[in-house]
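A short worksheet on the structure shown next.
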Amino acid sequence: MLSAASPLDRRPVRFLVLGSSLVIVVVLQVLLRDPTIAWASAPIALLAGLAGGRRSPLVLSGIAAVAHVAVDLWLGVTVAQVPGLLLRSLVLPGLALVGMANQLSERQRDKAMHRAVVEDPVTGLLNVRAFYAELATLRAAGRSFTILLADIRGMRALNERYGHPTGTEAMRALAHVLRREAGTDVLASRLGSDEMAVAFVDEGRTRTREVIDGIIRRLHDEQVRLPDGQSFEVHAAYGLARYPEDGEDEVAVLRAADRAKERAKVAGLDKVGSADGEVS
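Each number in our numbering corresponds to the 1-based position in the sequence shown with 2 added.
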């Protein structure tokens, strides 16, 4: 269960707190007339960098550095104190940069971990588990969706003759076309060694058919270069099924789409089968 976010989890609030802390340090420097108090801003500058943001940490630390220098000049500084003041003026933005770099690195690690959990490493599409989870979420929300299965024809012979790396290139070609024609607002997944699926959410059959026609046309332009110099033309068989009309849940709908796809295979290359028995 997700817990409610604390107010301090919100970035503007965090920066307000950090900014207020820097103001307090400057005020203490004035009241105590002690330049060394300004070093208390160092951990705050680091925390500002860790809090995230592209410019805010540098702005906060820069303002703090300038404010402390202004107070130093107002209090009066000796020549012996100048090197320390200059060092402090560089340290504050530097610590903010260190915090920002660490925060960026953590975000990149989080993104990489997320991709590893939900993406297929070959195609960049959703993996099977993530795809089923998304469909289950749609069903629970009462959303309708249409499943399109695409099965590359001749994949087994391609793998046996030229090896799996060549078959992988064919899968990537199909994935590229699916993403380009279906758009980014659909769910797409690699279900097996030669099969992919696309889920169209709240879309009618007419729109789905338009996308399929675009996929078929685009695939005619996609050719995989084979090791012997020849080209492999990517063709597929397609199966369509819709929730809730063709199945009570995502598993039943995928099975209906798979049966429709098998009928399309019998009919020939680039044929589309529907759960209602129609093949075109």
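Positions of the beta carbon are idealized from the N, C-alpha and C atoms, including for glycine.
Original post:
CB-CB under 6 Å to residue 30, same chain, minus the five flanking residues each way: which ones, in chain order?
Top reply: Apart from sequence neighbours up to five positions away, the residues of its chain that approach residue 30 with a beta-carbon distance below 6 Å are 39, ordered along the chain.
Subject >> Opening and closing residue of the alpha helix (DSSP H) in which residue 187 lies >> reply: No residue range can be given for residue 187, since it is assigned to no alpha helix (DSSP H) and is classified by DSSP as neither H nor E.
**OP:** State the CB to CB distance for the pair residue 121 and residue 127, rounded to an integer number of angstroms; the pair is presumed to be in contact (CB under 8 Å).
**Re:** The pair is a contact, with the Cβ atoms about 7 Å apart (cut-off 8 Å).
Subject >> residue 147 - partner residues in DSSP beta bridges >> reply: Under the DSSP definition of a beta bridge, residue 147 partners with 203, 245.
**OP:** Just tell me which of 44, 196, 133, 79 has its CA closest to the CA of residue 99.
**Re:** Per the Cα distances, 44.
Original post:
With 16 other CB atoms within 10 Å as the buried threshold, where does residue 113 fall?
Top reply: Exposed, since its Cβ has fewer than 16 Cβ neighbours within 10 Å.
Subject >> Identity of the residue in 245, 234, 76 nearest residue 169 by Cα >> reply: Comparing alpha carbon positions, the residue from 245, 234, 76 closest to residue 169 is 234.
Original post:
Based on Cα-Cα distance, which residue from 257, 28, 209, 150 lies nearest to residue 62?
Top reply: Out of 257, 28, 209, 150, 28 has the C-alpha closest to the C-alpha of residue 62.
Original post:
By the 10 Å Cβ neighbour count, where 16 or more other Cβ atoms means buried, how is residue 152 classified, buried or exposed?
Top reply: With 16 or more other Cβ atoms within 10 Å, it is buried.
Original post:
Does DSSP classify residue 216 as helix, strand or coil?
Top reply: DSSP places residue 216 in helix when its eight states are reduced to three.
Original post:
Among residues of its own chain, excluding the 5 on either side of residue 267, which ones have a beta-carbon nearer than 6 Å to its beta-carbon?
Top reply: Around residue 267: 239.
Subject >> Integer Cβ distance of residue 183 from residue 154, believed to fall under 8 Å >> reply: With a Cβ gap of about 16 Å, residue 183 and residue 154 do not count as contacting.
Original post:
Three or more C-beta pairs closer than 8 Å, one from the segment 208–222 and one from the segment 178–195: is that the case here?
Top reply: At 8 Å Cβ cutoff, the stretches touch.
Subject >> Integer Cβ distance of residue 203 from residue 147, believed to fall under 8 Å >> reply: Contact check for residue 203 and residue 147: beta-carbon distance about 5 Å, within the 8 Å limit, so the pair qualifies.
Original post:
Taking DSSP as the reference, what is the three-state secondary structure of residue 239?
Top reply: Correct three-state label for residue 239: strand.
Original post:
From which residue to which residue does the beta strand (DSSP E) around residue 275 run?
Top reply: Counting along the chain, the beta strand (DSSP E) containing residue 275 begins and ends at 274–276.
Original post:
For residue 145, which of 206, 192, 179 has the nearest alpha-carbon?
Top reply: Looking at the Cα atoms, 206 is the closest of the given residues.
**OP:** Label residue 103 either buried or exposed according to how many other C-beta atoms from any shown protein chain fall within 10 Å of its C-beta, with 16 as the threshold for buried.
**Re:** When all chains shown are included, residue 103 counts as exposed.
Original post:
Below 7 Å between beta carbons: does that hold for residue 172 and residue 180?
Top reply: No. Outside cutoff.
**OP:** Return the chain-ordered list of same chain residues with a C-beta closer than 8 Å to the C-beta of residue 220, the five sequence neighbours on each side being excluded.
**Re:** If we look at residue 220 and ignore the five residues flanking it on each side, its Cβ neighbours are 179, 182, 183.
Original post:
Which same chain residues, not among the five before or five after residue 4, have their C-beta less than 7 Å away from its C-beta?
Top reply: Annotation note: pLDDT 34 at residue 4 (below 50); position unreliable, coordinate value reported separately. For residue 4, same chain residues with a beta-carbon under 7 Å away, outside a window of 5 residues either side, do not exist.
**OP:** Between the Cα of residue 222 and those of 124, 271, 209, spot the shortest distance and give me the residue it belongs to.
**Re:** Out of 124, 271, 209, 271 has the C-alpha closest to the C-alpha of residue 222.
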